[in-house]
Structure formats: C-alpha cells, structure tokens
Amino acid sequence: MRLQCFVTALCLGVGAMAGKYSREVNDPTQSGSDGQTVEFRIAKLNQVWEKAKRMQLSPVRQAELHSDLKIQEKDELQWKKIKMEGLDENGEKEAQLRRNFNVILAKYGMDGKRDMRPMESNSLKDHEVKDGEMFDDPKLDKLWNKAKSSGKFSNEELASLKREFQHHKDKIHEYNILMDTVSRTEEIHKNVISPMEGDTKEHVLQQKHTELKEKMRDLNHGFERLRKISHEGFSQDSEFREPRVIELWEAAKRANLSKDELESLKEELRHFETKVEKHSHYQEQLELSHQKLRHVESLGDKEHIKRNQEKYNTLAEKTREMGYKMKKHMQDLSNKISRQGLQHNEL
C-alpha cells in the first residue's frame, strides 16, 4: 500500500513537471488570454507580460520590461539544458535565475508590494521634477546641483553628466530591491525546520550577500567617479559618453587585463556604445510617438488613429528588439570582463 501511494505521488509529480515544461504551456505559438500569439516560451513570463499590458507603464518602461523578460527567457532556457545534463547540482544557477526574476518583478512594481522607491528614467519627464530633487537621493541631488552651477560644463557635457547621475540612481534602486529580497530570504531562513533545506537556503543567502557586496562596491566606485567629475570636469581623454559603457570600461580597468586585452575591449565597447545610443534614440522616438497617438485619439479620426497606431506598434517592436540585443550584448561583455579578470587573478 505504501509503495502504491509512492508510485501514485511520483506520477502526479512527473505530471506536474510535464505540465510546467510541456509544449502546450511553453510553445510560443499558443494563444494568450486575448487570443493573440504569446510573446514568450515560458508560461510565468507570459503571465508577467500580460499583467504589464494591463498596467499603465510608460511605453519606454514597457519596452524595457520586454527586453528584461527576453533576457530572463534566454537564461532560463539555457538553464533547462544544463539541468537536463545533470549540471548545476548545488542549484547555484537556479537560485540566480529566481533572484533575477524577483528583481524584475520588483523593478516594475509587480511583486505585490507598494514600492516606496520612485523609479522613472524617462528623461522627457525631467521638467516635472522639482528643482533640486531630481535623483531621489540627497547626496546625488547635492552633487548634481553643485556641478550644474559650477560653470565647468558645456550643455552637451552637462547632458552626459545627467545621464550618468540617472544611471547611478537606477543602480541604487536595483541595490535596494536586492537588499529587500535578501531581507525576506533571511526571514524565511529563520523558519526552516529541515537541516538539508537549511543548508540549501544558507547557500542561497550567502550568494545574495556576495552579490550585495559586489553591487555596493560598484555603487561606491560609481559615486566616486561622479564626485570626481563634478569637481574637476570631464578629462580631455574621456573614452566614452554612455554611463553603461563607462561602467563596463571602469570595471575592465580594475580587472587587471593586459594592455592588448584592454585595447581589444575598448574597440568592442565603442561598437557597443553606438548600439546604446541608437537604442536611446529609439526610446525617445517611441515616447514621442505615444504622445502623438494619444493626441490623435482625442481627435477621433479613425483613419488617422489607425495610421499612427501602426507606426507606434512598429516603433515599439523595433525598440524592444534593440533593447534585447543591447542588454544581451552588455551581459556578454560583463561576463567576458569577469571571466578575464578572474583568470588573471588565478595566475
């Protein structure tokens, strides 16, 4: 009888797993709740996307979410192959994926919590922010106001510096999300009864604390760079303009790479910067297209609305595609810098 119960439970478990990873659930040709072809091959990502479409996210934020979900999808599908090959025995990659997914939910306000950390990176709305309170952080606001009134920067340089401040603000937001996730994990960890389960969660917790330390170190480096530029101005030999590219370049210089490796990476980062700038341009165009569409809708001309809706949809799709390619490229560059730095440290 006991054996029969075990077999029954096992069959149910396999059935559940088959349901989770079956073609019916994960096949992108299946239909979503609105009868349209679904966006992602993983059910939970489609659920997030469906929810996002019901929320009043700005077009740029929605496109950013789509890119983040595409990256998550790519990583999860790769992990499934690794899992089937019997790798990731300690669950390290799985824990990282779960953490990344939770960060996405929190980042876009879909984790069921009211986020008290404002997050809006749409530069077109900067005029709505009160003067002196642009970056939701007293240290950043004070530094920015000093730089802005210093007279050391041209309009173009001030625009570049503003992007760096905004990027740093976004990084603080991500750090706060991760710290909140760690706090919740620690709370769960206190209630663990099984010793084996306790060991697993202890491992996950250690990973999260390591990631927190790394992000805090990056934040400190980033703030120090902002402080230096704000006081001294941009140096004549500044290599890059885009904050994400600058961040990668600074990380590469700290990774103990050889002169030839740095030169090779610098060239690759120049190509990446062009990609980032092009994506930013499309984001601005998408926001403007959305504003125009809302205006046309208010006039009620159906033919005019249809034409503008088609233009907006095409632009939104292009922005999502470019966002995914840019984020994937950035992920690849980050991994490349980390691996090379580690190899040098081991030698």
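Positions -18 to -1, 1 to 329 (mature numbering (1 follows the signal peptide of the UniProt record, and there is no 0)) are the ones given, in order, by the sequence shown.
Just so you know, even glycine gets a beta-carbon here, dropped at the ideal spot from N, CA and C.
These numbers come from a predicted model, not from an experiment.
Bounding residues of the alpha helix (DSSP H) (the contiguous stretch that carries residue i)
i, result
"Leu28", "The sequence given here places Asn at residue 28; Leu does not occur at that position. It spans Ala25 to Arg36 - the alpha helix (DSSP H) in which Asn28 sits, taken as one unbroken run."
"Ala237", "Note, Ala237: premise wrong, no alpha helix (DSSP H); not H, not E."
"Arg276", "Lys241 to Leu281"
"Ser49", "Pro41 to Met66"
"Asn72", "Taken as a continuous stretch (DSSP letters only), Asn72 belongs to no alpha helix (DSSP H), as it is neither H nor E."
Where residue i falls, given that 16 or more other Cβ within 10 Å makes a residue buried
i, result
"Leu125", "buried"
"Pro120", "exposed"
"Ile64", "exposed"
"Met66", "exposed"
"Gln313", "exposed"
"Ala141", "exposed"
"Leu27", "buried"
"Met50", "What sits at residue 50 in the sequence shown is Asp, not Met. When all chains shown are included, Asp50 counts as buried."
"Lys89", "buried"
"Thr301", "buried"
"Asp69", "Note on identity: in this sequence residue 69 is Leu, with Asp being the wrong assignment. Burial call: exposed."
"Met48", "Note on identity: in this sequence residue 48 is His, with Met being the wrong assignment. Under this definition His48 is a buried residue."
"Met304", "buried"
"Arg321", "exposed"
"His150", "buried"
"Arg289", "exposed"
Contact belief for residue i with residue j at Cβ below 8 angstroms, rounded distance in angstroms
i, j, result
"Met255", "Arg223", "Note that residue 255 is Glu in the sequence shown here, rather than Met. With 8 angstroms as the limit, Glu255 and Arg223 qualify as a contact, their Cβ atoms being about 7 angstroms apart."
"Leu160", "Glu214", "Contact doesn't hold; Cβ gap of about 31 angstroms is too wide."
"Tyr157", "Lys197", "5 angstroms"
"Lys52", "Tyr306", "4 angstroms"
"His286", "Val278", "5 angstroms"
"Val85", "Thr19", "With 8 angstroms as the limit, Val85 and Thr19 do not qualify as a contact, their Cβ atoms being about 27 angstroms apart."
"Pro41", "Leu239", "39 angstroms between Cβ atoms; not a contact."
"Leu122", "Phe135", "Contact doesn't hold; Cβ gap of about 16 angstroms is too wide."
"Glu46", "Ile24", "Between Ile24 and Glu46 the Cβ distance is about 19 angstroms, and since that is not below 8 angstroms, they are no contact."
"His203", "Lys257", "That belief does not hold up - the Cβ atoms of His203 and Lys257 are roughly 23 angstroms apart, past 8 angstroms."
"Asn72", "Gln54", "Contact flag wrong, Cβ pair sits at about 21 angstroms."
"Trp231", "Glu221", "6 angstroms"
"Leu187", "Lys153", "About 22 angstroms separates the two Cβ atoms, so there is no contact after all."
"Lys33", "Met116", "That pair is no contact at about 30 angstroms."
Within-7 angstroms CB hit, residue i to chain C
i, result
"Glu224", "The chain inventory of the structure shown lacks chain C, comprising one protein chain alone."
Any non-hydrogen atom of the ligand GDP closer than 6 angstroms to residue i Cβ
i, result
"Val20", "The ligand GDP is not part of this structure, which contains no ligands at all."
### Task
Could you name each continuous beta strand (DSSP E) segment of 3 residues or more that falls completely within the stretch 108 to 148, going from the start of the chain to the end?
none
### Task
Only counting runs of 4 or more residues, tell me where the alpha helix (DSSP H) segments fall wholly within the stretch 201 to 235, in order along the chain.
225 to 235
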